[in-house]
């Protein structure tokens, strides 16, 4: 951090946000430590416990659950770390400078306000990309180390995000949104709240629409479909005269013996069954589309932030100079 | 023609679409090398004017030209100290100066900045948050002067300082102009503190420039007369007149030689300023208005 080679604007940005950088580094280290400890130290006990359970009717599964929970907890913190980034970018990175007037100090130095903002965004972005990459690699390793001990799968929100570059994209997007809201609102605390809320909403929207980010596989069959293991089931149901109806209305056949259920349903117009799902091979397409959306939002936010800054400082366009 | 440090043409700034005008129809020219006082009551538009010149605000109308160019392009050559002297409180003085070096690549004069700090007997390792108001002003000035500005804009620089610190820092500024020919523009609502050090005046009242020009010329253009109440003061421009019984005391801009029986005195800067502020309807006197009469 205090490397003598580092000079100029980046050095100043690093010095001003040293505490935040240390917190981020500690968070990454702590996450790695938790994963390493869970996988290297506690896995054996959990595996022994699982082995015992396979051979006995009564057994404890607490060690296995603890193993699974710890890994999942790391994934959750890693996945939602972008919310902390949003708060930091809106509050500490830009908002506080506007609150206590130091932005006006920075904007009247030898560099342009645009270069100031560029440095303010680039330095944290580099830290987020580096730390995020380490987090992703560590989580992928920890999550995949003993799949038999885990009861989650790739479609879980935290797992979905933390296993790939979307983790970094979320963080970068939060950084851009935070900077933009701070420049628009020009006050730290409201910017902190708004950028946090915007990122929560953006995340919820993406979670809700996640399965439509890539075309899902649709299977139809005259017989009831049991989707293969490990898929992300989006929808399944019956075909009523060729029309898809979600779920199966077994109440139509109440009172009949189970062996006649199929025939009964057929009498009611059920011609077949369908299932819509994402196989595990869709993880990367889904993940990368979401990453792309986030990076696009981040890019737009950065662009708008620079324009807002230019308008605020009025120093960006020497348009009327010729008239003087 | 002398070089121009700061020039405004029809300059106006309104905050918000429906807000009032903080500054309107401002036109003036400040030659380089001057020490200019921007005087006016609180809320007159002094800070807005300085922020426009510093490129911190965009004008709503008109233009402001700084060192012959757009404020944004003049930025590296202009020093600015805001009224609240913002500094990074979590840094030490030495770190704060390093920020100055980082943010002013190619211009930073570390020796000057350190000398100004050392002149105040300040330990560079001390945190900014532990400094007194005067000490903070000194660091803020060191930061502004460290970039070797050709134009220094100071918003109420001495407002919260004790007389000793005020005197010291004024000395620092005067040394700067003497040595480098830096143009200094400083605002104040206290007139008296500027009289000795300034040679140029911008009087701002109610968002307009009321007076602008060389201090000597402005003072010479005005006369305080004491005449009987029934005297017709025309054709001289009356800035302010106040009756004291059978006598009238007036501040006028003589349009020609005055009758010998009028009692005249030279006004002080404070009188000049106060008379103009008390009489908002008095016509403004600015060099822009005068240059219109002259061939360019």
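Protein chains in written order, with the working numbering: chain A, 8 to 331; chain B, 26 to 321. By construction, the Cβ of each residue, glycine as well, lies at the ideal position given by its N, Cα and C atoms.
Problem set entry | In chain order, each alpha helix (DSSP H) run of at least 4 residues that lies wholly inside the segment 228-276 of chain B | Within the segment 228-276 of chain B, the complete alpha helix (DSSP H) runs of at least 4 residues fall at 240-245.
For this session: Using a Cβ-Cβ cut-off of less than 7 Å, give me the residues of the segment 112-145 of chain A that come near chain B, in sequence order.
Result: Under the 7 Å Cβ criterion, the segment 112-145 of chain A contributes 112, 113, 114, 115, 116, 117, 118 and 119.
Exercise. What residues from chain B crowd round residue 23/A, counting only those whose CB sits closer than 9 Å?
Worked result: The answer, in chain order, is 113, 115, 116 and 124.
For this session: Please list the segments of the alpha helix (DSSP H) lying wholly inside the segment 52-101 of chain B, counting only runs of 4 or more residues, in order along the chain.
Result: Taking only runs of at least 4 residues, the alpha helix (DSSP H) segments lying wholly in the segment 52-101 of chain B are 71-78 and 96-99.
Exercise. For the candidate residues 294/A, 246/A and 97/A, whose alpha-carbon lies nearest to that of residue 186/A?
Worked result: Among 294/A, 246/A and 97/A, the Cα nearest to that of residue 186/A is on 97/A.
Exercise. Which chain B residues sit within Cβ distance under 7 Å of residue 108/A?
Worked result: Residues of chain B passing the Cβ test: 107, 109 and 111.
For this session: Could you give the DSSP three-state label for residue 286/B: helix, strand or coil?
Result: In this structure, residue 286/B counts as coil in the three-state DSSP scheme.
For this session: Starting from residue 219/A, follow the alpha helix (DSSP H) in both directions and report where the run begins and ends.
Result: Run containing residue 219/A: none; DSSP gives neither H nor E here.
For this session: Report all residues from its chain with a CB closer than 7 Å to the CB of residue 60/A; omit the five preceding and five following residues, and keep chain order.
Result: Apart from sequence neighbours up to five positions away, the residues of its chain that approach residue 60/A with a beta-carbon distance below 7 Å are 66 and 68, ordered along the chain.
Problem set entry | Cβ neighbours of residue 165/A in the same chain (closer than 7 Å, five flanking residues each side left out) | Within the same chain, residue 165/A has close Cβ partners 79, 82, 83 and 86.
Problem set entry | residue 85/B beta carbon less than 9 Å from that of residue 45/B | Taking the C-beta atoms as reference points, residue 85/B is found no nearer than 9 Å to residue 45/B.
Problem set entry | Interface partners of residue 14/A on chain B, CB under 8 Å | Those are 127, listed as they occur along chain B.
For this session: Quick one: give me the first and last residue of the alpha helix (DSSP H) that residue 240/A is part of.
Result: Per DSSP, residue 240/A belongs to no alpha helix (DSSP H); it is in the beta strand (DSSP E), 239-247.
Exercise. Can you name the residues that DSSP bridges to residue 143/A?
Worked result: Bridge partners of residue 143/A: none, in fact.
For this session: With DSSP as the reference, label residue 254/A as helix, strand or coil.
Result: Of the three classes helix, strand and coil, the one that applies to residue 254/A here is strand, per DSSP.
Problem set entry | First and last residue of the uninterrupted beta strand (DSSP E) at residue 283/A | Taken as a continuous stretch (DSSP letters only), the beta strand (DSSP E) holding residue 283/A covers 277-285.
Exercise. Beta-carbon of residue 18/A versus every beta-carbon of chain B: anything under 9 Å?
Worked result: For residue 18/A, the answer is yes, since a Cβ of chain B falls inside 9 Å of its Cβ.
Exercise. If the cut is a Cβ gap below 8 Å, which residues of chain B does residue 320/A touch?
Worked result: Result: 80, 81, 82, 83 and 97.
For this session: Run the CB neighbour count on residue 275/A, radius 10 Å, all protein chains shown included, and call it buried at 16 or more, exposed below.
Result: Residue 275/A comes out exposed.
Problem set entry | Through-space distance from residue 88/A to residue 303/A, alpha-carbon basis | Here the alpha carbon of residue 303/A sits roughly 19 Å from the alpha carbon of residue 88/A.
Problem set entry | Opening and closing residue of the alpha helix (DSSP H) in which residue 40/A lies | Taken as a continuous stretch (DSSP letters only), the alpha helix (DSSP H) holding residue 40/A covers 25-44.
Problem set entry | Local Cβ density within 10 Å of residue 95/A, reported as buried at 16 or more and exposed below that | Classification of residue 95/A: buried, given that the 10 Å Cβ count is 16 or more.
For this session: Compare the beta carbon distance of residue 46/A and residue 152/A with 9 Å and say whether it is the shorter of the two.
Result: Yes, the Cβ-Cβ distance between residue 46/A and residue 152/A is below 9 Å.
Problem set entry | the segment 160-175 of chain B contacting the segment 130-138 of chain B, beta-carbon criterion three pairs below 8 Å | When C-beta atoms of the segment 160-175 of chain B are compared with those of the segment 130-138 of chain B, three or more pairs fall below 8 Å, so the two segments count as touching.
Exercise. Where residue 248/B and residue 309/B are concerned, what is the direct C-alpha to C-alpha distance, given to the nearest angstrom?
Worked result: So the two alpha carbons sit approximately 16 Å from each other.
For this session: Report the residue ranges of all alpha helix (DSSP H) runs contained in full by the segment 50-136 of chain A; include only those spanning at least 4 residues, in chain order.
Result: Listed in chain order, the complete alpha helix (DSSP H) runs (minimum 4 residues) inside the segment 50-136 of chain A are 50-62, 69-86, 88-94, 103-106 and 109-113.
For this session: Flag residue 104/B as yes if its beta-carbon sits less than 9 Å from any beta-carbon of chain A, otherwise no.
Result: With its beta carbon less than 9 Å from one in chain A, residue 104/B belongs to the interface.
For this session: For residue 287/B, decide whether its Cβ has a neighbour in chain A, counting only Cβ atoms nearer than 9 Å.
Result: Not closer than 9 Å to any Cβ of chain A, the Cβ of residue 287/B fails to qualify, so no.
Problem set entry | Helix, strand or coil at residue 211/B [DSSP, three-state] | Residue 211/B: strand per DSSP, three-state reduction.
For this session: State yes or no: is the beta carbon of residue 226/B nearer than 9 Å to at least one beta carbon in chain A?
Result: Not one chain A Cβ lies under 9 Å of residue 226/B.
Problem set entry | Short-range partners of chain A found in the segment 170-183 of chain B, where Cβ spacing is below 9 Å | Only 172 and 178 from the segment 170-183 of chain B bring a Cβ to less than 9 Å from some Cβ of chain A.
For this session: Could you tell me which uninterrupted alpha helix (DSSP H) segments, each at least 4 residues in length, are contained entirely in the segment 126-172 of chain B, listed from first to last along the chain?
Result: The segment 126-172 of chain B contains these whole alpha helix (DSSP H) runs: 135-144 and 158-171.
Exercise. Taking the beta strand (DSSP E) that residue 29/B falls in, what are its first and last residues?
Worked result: Per DSSP, residue 29/B is one residue of the beta strand (DSSP E) stretching across 29-39.
For this session: Could you tell me which of 75/B, 49/B, 285/B and 88/B sits nearest to residue 34/B, measuring between CA atoms?
Result: Residue 34/B has its Cα closest to that of 88/B, out of 75/B, 49/B, 285/B and 88/B.
Exercise. Taking 9 Å as the CB-CB cut-off, is residue 292/B touching chain A?
Worked result: Closer than 9 Å: no.
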